[in-house]
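**Student:** Following the working numbering, the numbering of the sequence shown begins with 2 at its first residue and continues without gaps. Structure incoming, see below.
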Amino acid sequence: MTSTSPATVASAARTVGRVVLLSAAIAASPVILAAGVHANPGAPVPDADHELGMYGDPVAAAAYWREQHASDCGEMAVADVVGEITGREPTEQQMITLAENTPSAGGHGPIWTPTGTTNIADLPVLLWHYWIRAENIQTDTDTVARKLGGNHKVIAILNAETIWNRPGKRNSANHFVVVTGVDSKAGVVHLNDSGISTGRDEQVPIAVFERAWAPNYNSAIVTKR
């Protein structure tokens, strides 16, 4: 049988007392512990200023806007996105030449002809020529904002008459634009719109954008990282 001296017993009692006091302090201070765990929330999301409500960087993207001179808004939107990602924007003629000589994903001739229209399914094909992966999705404005905040690029197909507030049919999707920013606090969507001379960082109310976007079921091309 092991013997225990009085000094050893006293030392053990003091140790137990300290443990009890420490445990009580921890139990009484859960907020302090939680604050310590979450003191470093990590880096902010790229291209998103959540304090201002801005997702994307329309100011930087505006440098890549160009006005179109043919029926090639889809090709011009691709050129804009290529410029934003690589810093080397193809010219309008380079895009036309590429689209004229690239088979459509639908299998009905080339992607672009002077009298035809470009299918949204062909935009990822053109982007891939520049080693940019993208997908064709149906989505909503909140998701687009998150994508822009995550440094993705977005092309949407809209009704031009609605965006420009001009007479005409408003139930068809007939124009591609680059969505460069969503300002949730101001309630504004920023666009690079090659179809009009004032299309550099064009700003429209979110409600107008969503009406113009609806005819083709909120279809968009979103780049992958």
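Glycine residues also receive a C-beta, built at the ideal position from the N, C-alpha and C atoms.
1. So, with DSSP's three-state summary, where would you put L127?
2. Go ahead and label S195 buried or exposed: buried means 16 or more other beta carbons lie within 10 angstroms of its beta carbon, across all protein chains shown.
3. Which residue comes first and which comes last in the alpha helix (DSSP H) that contains I97?
4. For Q95, tell me which candidate among H70, T140, R147 and G107 has the shortest Cα-Cα distance.
5. Going straight from the alpha carbon of L124 to that of L53, what length do you get?
6. Do you know offhand how far D141's Cα is from A80's?
7. Checking 8 Å against the spacing of the C-beta atoms, do A64 and I156 come in under that value?
8. For Y131 versus T87, is the C-beta spacing smaller than 8 Å?
9. Can you give me the C-alpha to C-alpha distance between V209 and K148, rounded to a whole angstrom?
**Tutor:** On the basis of the supplied data:
1. If DSSP states are grouped into helix, strand and coil, L127 belongs with the helices.
2. With 16 or more Cβ atoms within 10 Å of its Cβ, S195 is classed as buried.
3. E93 to E101 is the span of the alpha helix (DSSP H), which, as asked, contains I97.
4. When only C-alpha atoms are compared, the closest one is H70.
5. Straight across, the Cα-Cα distance linking L124 with L53 is about 32 Å.
6. In this structure, the alpha-carbon of D141 lies about 24 Å from that of A80.
7. In this structure, I156 does not lie closer than 8 Å to A64 by Cβ.
8. Yes, Cβ-Cβ distance for Y131 and T87 is below 8 Å.
9. Straight-line Cα distance between these residues: approximately 20 Å.
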